[in-house]
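Residue numbers (the UniProt record's numbering): 1 to 266.
The beta-carbon is built from N, C-alpha and C at its ideal position, and this holds for glycine as well.
Note that the structure is a prediction, hence the values are computed from the model and not measured.
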Amino acid sequence: MAGFCQRAPAFGDIAMVAHPFVTVLIDLSEGDGLVYDVHGRHERGSAVVGLLPGDLRAAGWARIECLQIRLEPVVAAAVLGASTELSGTVASLEDVWGRDAGRTEDRLRAAASWDERFAIAADILGRRLGARPPVDPELVYTWRRTLTSRGRVRVDGLADEVGWSRKRLWSRFRARLGITPKRAARLVRFDHACHLLAAGHTAADVAAESGYVDQSHLHREVKTFTGLTPAAVAVAPWLAIDDVAWPASSPTRSPVTGGERIPDLR
């Protein structure tokens, strides 16, 4: 998780780049607060961004405070009480959590510091996670092998590793996480490639490093996930912020102890 502050009275507009996590944006602002745009529809307040939501922009007027939480899909299915219905969508936190959404916002807004907010959020997430049945360990293993291999893993091989048939792994994975194993691998590989591009590597080097057939293959994948070229993705503000908030995700930086940063997005 990370806290974001925009202290100056200005308007910010950031296009989100698809990444292999479910994102919870908790709006803690006073006044108009966070605004997000999905396929031309404008919404306000806290939101849950599922995997592969398509074109999504987040913005805000005046002073913005927002807690962003990233959840592995295998965790999100339990914490949010939803799985497949969140994939490819953006929903208000109230629609997902009901009255608990408002109570969570009130507790976090009343906290005296960001450290206190992180502790409150961790407690809430932990309680929700502990109150629901866990995702099948075979699915957890499959997801995390996909993540640690940076998407360069064969689904057939994973099925053998967990002792399931390919058909069973495919259907269970999609039913619980809302995405197929192959699509998940593509998303993870794309995410790694994007961070390499943002770190200044050439498209040709990124294609080779990330396991794409060639530079044209990388170009097609970037276009599929973002509608942009690799050059445009390399300078995307979302990835620049990502590098500050979650330095462990950057190929050129080492993790920060505690994993939490508070960028000032003025």
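Distance between residue j and residue i (C-alpha atoms, nearest Å)
| i | j | result |
| --- | --- | --- |
| residue 15 | residue 58 | 6 Å |
| residue 110 | residue 244 | 26 Å |
| residue 77 | residue 189 | 22 Å |
| residue 86 | residue 51 | 7 Å |
| residue 105 | residue 35 | 16 Å |
| residue 154 | residue 161 | 11 Å |
| residue 237 | residue 103 | 31 Å |
CB-CB length for residue i against residue j, believed under 8 Å
| i | j | result |
| --- | --- | --- |
| residue 70 | residue 30 | Not really, about 25 Å apart at Cβ, beyond 8 Å. |
| residue 135 | residue 107 | About 27 Å; that fails the 8 Å criterion. |
| residue 27 | residue 66 | 6 Å |
| residue 208 | residue 230 | Contact doesn't hold; Cβ gap of about 13 Å is too wide. |
| residue 164 | residue 138 | 6 Å |
Closest by C-alpha distance to residue i, when choosing among the options
| i | options | result |
| --- | --- | --- |
| residue 235 | 199, 213, 211 | 199 |
| residue 115 | 247, 2, 19 | 2 |
| residue 173 | 74, 46, 27 | 74 |
| residue 22 | 178, 94, 194, 215 | 178 |
| residue 152 | 56, 211, 247 | 211 |
| residue 98 | 168, 81, 56, 42 | 81 |
| residue 25 | 72, 113, 216, 45 | 45 |
Cβ pair residue i, residue j closer than 8 Å
| i | j | result |
| --- | --- | --- |
| residue 184 | residue 143 | yes |
| residue 181 | residue 158 | yes |
| residue 225 | residue 18 | yes |
| residue 47 | residue 93 | yes |
| residue 191 | residue 20 | yes |
| residue 166 | residue 156 | yes |
| residue 332 | residue 49 | This structure cannot settle anything about residue 332, because the visible part of the chain is limited to 1 through 266. |
| residue 194 | residue 228 | no |
| residue 218 | residue 233 | no |
Next item on the list: Taking only runs that begin and end inside the stretch 67–155, name each unbroken beta strand (DSSP E) of 3 or more residues, in chain order.
Entry: Runs found: 90–92.
Notebook entry, point to check: Taking only runs of the alpha helix (DSSP H) that begin and end inside the UniProt domain "HTH araC/xylS-type" (138–236), which ones reach a length of at least 4 residues, in chain order?
Noted result: For the alpha helix (DSSP H) assignment, the uninterrupted runs of no fewer than 4 residues enclosed by the UniProt domain "HTH araC/xylS-type" (138–236) are, from N- to C-terminal side, 155–162, 166–177, 181–198, 203–210, 215–226, 230–234.
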